[in-house]
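Report on the structure given below.
Protein chains: 2
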Amino acid sequence: MANSPAGESVISRVVRLMDAFDRQVPSMSLSELARRASLPLTTAHRLVEELVRHGLIERASDGELRMGLRLWELAARGSRALTLREIALPFMEDVQAAVHQLTTLAVLNSGTVLYVERLSAPDAALDAAHVAQRMPIHATSSGLVLLAYSPAWLQEEVLAGPLEKVTEETITDPPTIRKHLAEIRRRGYAALPGIGVLEWTGIAVPVFGAGGAVAAALNATVRREEANVPLTVPALLTAAHGISRALGAENRSAGSTRP
Amino acid sequence: MANSPAGESVISRVVRLMDAFDRQVPSMSLSELARRASLPLTTAHRLVEELVRHGLIERASDGELRMGLRLWELAARGSRALTLREIALPFMEDVQAAVHQLTTLAVLNSGTVLYVERLSAPDAALDAAHVAQRMPIHATSSGLVLLAYSPAWLQEEVLAGPLEKVTEETITDPPTIRKHLAEIRRRGYAALPGIGVLEWTGIAVPVFGAGGAVAAALNATVRREEANVPLTVPALLTAAHGISRALGAENRSAGSTRP
Chain W
34 MANSPAGESV ISRVVRLMDA FDRQVPSMSL SELARRASLP LTTAHRLVEE
84 LVRHGLIERA SDGELRMGLR LWELAARGSR ALTLREIALP FMEDVQAAVH
134 QLTTLAVLNS GTVLYVERLS APDAALDAAH VAQRMPIHAT SSGLVLLAYS
184 PAWLQEEVLA GPLEKVTEET ITDPPTIRKH LAEIRRRGYA ALPGIGVLEW
234 TGIAVPVFGA GGAVAAALNA TVRREEANVP LTVPALLTAA HGISRALGAE
284 NRSAGSTRP
Chain A
34 MANSPAGESV ISRVVRLMDA FDRQVPSMSL SELARRASLP LTTAHRLVEE
84 LVRHGLIERA SDGELRMGLR LWELAARGSR ALTLREIALP FMEDVQAAVH
134 QLTTLAVLNS GTVLYVERLS APDAALDAAH VAQRMPIHAT SSGLVLLAYS
184 PAWLQEEVLA GPLEKVTEET ITDPPTIRKH LAEIRRRGYA ALPGIGVLEW
234 TGIAVPVFGA GGAVAAALNA TVRREEANVP LTVPALLTAA HGISRALGAE
284 NRSAGSTRP
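Line by line, the protein sequences are chains W and A.
The numbering of the first sequence is the numbering used here, which starts it at 34 and goes up by one.
The numbering of the second sequence is the numbering used here, which starts it at 34 and goes up by one.
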């Protein structure tokens, strides 16, 4: 592996360049990119030139650099996220048709919640839970559902913290979170207002994969004053059951499960 | 840039590793990966170890390697494909609700049609036009729509070939394709049976972006004996107009345009 004088490999530096792009800043100049990636301009220039040749970074007509479609293609073609969302999408549409709410699908990845799909009206007001964005596990209903059905060692790892206070209502006290996890397993869903975004309530249920382990969380996010949990949960459970079946899970519905 | 003895850079070799994964083969052993990427086993091993450390490749519980969620995340977060599909998805749902057909969104990229979104029933029979897959431009209605509204130099580049005969009905004769392109611009849509998959008809309309250039093709794909063009085109045009508006296009509808 070829390393820079600082001992960092080409792959590390490429990852830092890729990481500089996000939803808020999808395109930028080379010098801005070098700055955001903390790389010397000459290094960034050399790497970017080659990434552009491979289509992994693109140069827009105004000269700005942005993530290349080729990278998305490579990543999407073989990815679990895509398979999961392809299977889940029709069921998510059913949920949206039934409850008319922002609907998301999330997985656990590297100690955080990663959103892999989102369905919403074009003018959806919630600027969170976007596709490919992450949230702390304890600060979302989806995360707590995923954690509730995860092995005990993983629960303890997450509860060992740090547990950031994302809003004033985020629960950061491990014993209280443990009580919520038990309650979620008992009822088969989570519905916690304000823990991730103050004005919103997430309602989430588990999706199971082949082998019976939890594979994803299916969520509807609603303004907290409009949250109708008794109406929303059955729609989510129905769709989650369909997704689990399509993923090859045995007949394990959240409501009948006591892990 | 650090090159292998054969003069190939780390980035090139990483791209070849990534390219080895696809829809048909989403996971494989290290030796299979090395073989598919045409890399020596030791080189593949060294690169894969580092890609695994960064989460760009994942090792499943059975030891098989697969594309990492982290790569998908990096690629998706800053990508045009994601922005376009987020904007288009609600409108595509409207089309599907109206015409109950497989609905796709495609862009031109590197001289091919690249599918960025697809909505279908879970049991959709057509095994083509999957997300992140490509097709030759002249062998799809979406590609011909994208080409019809592209600059003349790009049309000539594509028509200069090679024009592969994907099915026995693929049109590969440049003068005939030119006639179709003129017809598509005149009518505002393409509806060509069997040119990409023999039993299916693609019906496609253009989506325009800010600045008025064609940004994508919106398509419904139907079994050719069930194709109802007069019913499908208005649904597609309505949704395409909505997507174009959301993308910031001026009021340029395909039907009123004579580029």
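The beta-carbon is built from N, C-alpha and C at its ideal position, and this holds for glycine as well.
For the pair A/Ala-223 and A/Leu-187, the Cα-to-Cα distance works out to about 18 Å.
Between the segment 260-267 of chain W and the segment 137-150 of chain W there are fewer than three inter-stretch CB-CB distances shorter than 8 Å, so the stretches are not counted as touching.
Listed along the chain, the chain A residues whose CB falls inside 8 Å of the CB of W/Leu-138 amount to none; the nearest CB is some 13 Å away. With respect to A/Ala-162, A/Thr-173 sits close: the two C-beta atoms are nearer than 9 Å. Just measuring C-alpha positions, the residue of W/Glu-202, W/Ile-120 and W/Leu-66 sitting nearest W/Ala-272 is W/Ile-120. With a minimum length of 3 residues, the unbroken runs of beta strand (DSSP E) contained wholly in the segment 165-236 of chain W fall at 223-226. A/Ala-139: member of the beta strand (DSSP E) spanning 135-142, first to last residue. By the rule that beta-carbons nearer than 9 Å mark a contact, A/Arg-113 touches chain W. For W/Ser-71, same chain residues with a beta-carbon under 8 Å away, outside a window of 5 residues either side, are Arg-49 in chain order. Shown here, W/Glu-41 sits in coil according to DSSP, grouped into three states, outside any helix or strand. In this structure, A/Val-164 and W/Ala-268 do not form a Cβ contact; the two beta carbons are roughly 25 Å apart against a cut-off of 8 Å.
At a C-beta separation below 7 Å, A/Leu-179 has no neighbours in chain W, since its nearest C-beta there lies roughly 14 Å away. Closest by C-alpha distance to A/Gly-235, out of A/Leu-159, A/Ala-53 and A/Val-191, is A/Leu-159. When secondary structure is reduced to three states using DSSP, A/Ser-60 falls in the strand class. With contacts defined by Cβ atoms closer than 9 Å, A/Glu-106 and W/Asn-142 form a contacting pair. The beta carbon of W/His-274 sits no closer than 9 Å to any beta carbon of chain A.
The Cβ atoms of W/Ser-60 and W/Ala-93 sit closer than 9 Å to each other.
Counting C-beta atoms within 10 angstroms of its own C-beta, A/Gln-166 has 16 or more neighbours from the protein chains shown and is therefore classed as buried. Taking a beta-carbon distance threshold of 9 Å, A/Ile-44 counts as an interface residue toward chain W. With a cut-off of 8 Å on Cβ pairs, the segment 224-233 of chain A is in contact with the segment 249-257 of chain A, counting three or more such pairs. Here DSSP, grouped into helix, strand and coil, assigns W/Pro-73 to coil. In the three-state scheme derived from DSSP, where H, G and I count as helix and E and B as strand, W/Phe-124 is classed as helix. Counting along the chain, W/Leu-251 sits inside the beta strand (DSSP E) bounded by residues 247-256.
When the Cα atoms are used, W/Ala-185 and W/Val-199 turn out to be separated by approximately 24 Å. DSSP places W/Glu-106 inside the alpha helix (DSSP H), whose first and last residues are 102-110.
W/Glu-82 carries a helical assignment under DSSP once its states are collapsed to helix, strand and coil. Put simply, the CB of W/Trp-186 is far from chain A, with every gap to its CB atoms at 9 Å or more.
Scanning its chain for C-beta atoms nearer than 6 Å, with the 5 sequence neighbours on each side dropped, one finds around A/Thr-203 the residues Ala-172 and Ile-228, in chain order. Put simply, of A/Glu-201, A/Leu-104 and A/Thr-205 the residue whose alpha carbon is nearest the alpha carbon of A/Leu-177 is A/Thr-205.
Taking the beta carbon of W/Glu-197 as reference, no residue of chain A falls within 7 Å; the closest one sits roughly 20 Å away. W/Leu-66 counts as buried, since at least 16 other C-beta atoms from the protein chains shown sit within 10 angstroms of its C-beta. As computed with DSSP, A/Glu-97 is found in no beta bridge at all.
Assignment of A/Leu-280 by DSSP, reduced to helix, strand and coil, places it in the coil class. Among the bridge pairs identified by DSSP, W/Glu-150 is matched with W/Leu-138. Pairing W/Pro-208 with W/Leu-180, the inter-Cα distance amounts to about 14 Å.
Under DSSP, no beta-bridge partner is assigned to W/Glu-119.
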